[in-house]
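Only one structure is covered here, and it is reproduced in the block below.
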Amino acid sequence: MVYGGPGRNEDEEEETDIYVILLSVLVHHGQVGLCFYDSEDSSLHYMADTPDNHDLHLLARVIQEVKPQVIITSAKQERCLTRYLQSLGSNQHYKPEVVTYPYADFGLE
43 MVYGGPGRNE DEEEETDIYV ILLSVLVHHG QVGLCFYDSE DSSLHYMADT
93 PDNHDLHLLA RVIQEVKPQV IITSAKQERC LTRYLQSLGS NQHYKPEVVT
143 YPYADFGLE
C-alpha cells in the first residue's frame with residue numbers, strides 16, 4: 043500500500059493507492075513458466091520456461107522475491123505445484139490468493 047504519489051502536494055487530501063502483483067505460473071514436465079504483472083508501474087515481467095526440480099526451489103525463490111498477492115494457475119497441473127501451493131496456504135505470514143482457471147485458458151491461440 044502506498045500513500046500519496048508523485049505530483050501530489052501535501053495540502054491535497056491523502057489518498058490510498060493499493061498496488062497488486064499478479065503471478066501466473068504453469069509447471070509442465072519439470073519446466074516452470076511464469077509471468078507477473080505489477081500494477082504499481084503497469085509492468086509485465088516474464089521468465090522463459092526454465093527447468094526446476096520437484097520441490098520447485100526456483101518458483102519458491104521467485105515468489106519470495108516478488109510476493110504476489112494473487113497466483114493464477116491452470117486446473118491441470120503437476121502434483122508438485124499442487125503440493126507447493128497447498129504449503130503456501132498453510133503459511134500464517136504469507137497467504138496469497140490462488141486462482142485456478144480451466145486448462146483451455148492456458149493453451150496457445
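Residue numbering for the sequence shown follows this note's numbering, starting at 43 and increasing by one per position. The C-beta atom is built at its ideal place from N, Cα and C for all residues, glycine as well.
Exercise. Cβ of Pro110 within 8 Å of Cβ of Leu64?
Worked result: Cβ distance < 8 Å, so Pro110 and Leu64 count as in contact.
- Item | Given Asp97 as reference, the closest of Ile60, Leu127 and Pro144 once Cα atoms are compared | Across the set Ile60, Leu127 and Pro144, the C-alpha of Leu127 shows the shortest separation from the C-alpha of Asp97.
From which residue to which residue does the alpha helix (DSSP H) around Ser129 run? Per DSSP, the unbroken alpha helix (DSSP H) holding Ser129 starts and ends at Arg121 to Gly131.
Q. For the alpha helix (DSSP H) that Leu98 lies in, which residues bound it at each end?
A. No alpha helix (DSSP H) contains Leu98, which DSSP labels as neither H nor E.
**Backbone CA spacing between His99 and Phe78 [nearest angstrom]** = Rounded to whole angstroms, His99 to Phe78 spans 18 Å at the Cα level.
**Asked** Taking only beta-carbon atoms, is Pro144 less than 8 Å away from chain B?
**Response** This model lacks chain B altogether, as it is built from one protein chain only.
task = Please report how far the alpha carbon of His87 lies from the alpha carbon of Pro144, in whole angstroms.
result = So the two alpha carbons sit approximately 23 Å from each other.
Classification of Asp94 by the beta-carbon crowding that lies within 10 angstroms, buried from 16 upward:
Note on Asp94: 16 or more other CB atoms within 10 angstroms of its CB, so buried under the neighbour-count rule.
- Message: Please list the terminal residues of the continuous beta strand (DSSP E) segment that includes Glu139.
- Response: Segment Glu139 to Tyr143, the beta strand (DSSP E) holding Glu139.
For this session: On a CA-only basis, which of Ser66, Lys118 and Glu82 is nearest Ala146? Give me that one, please.
Result: When only C-alpha atoms are compared, the closest one is Lys118.
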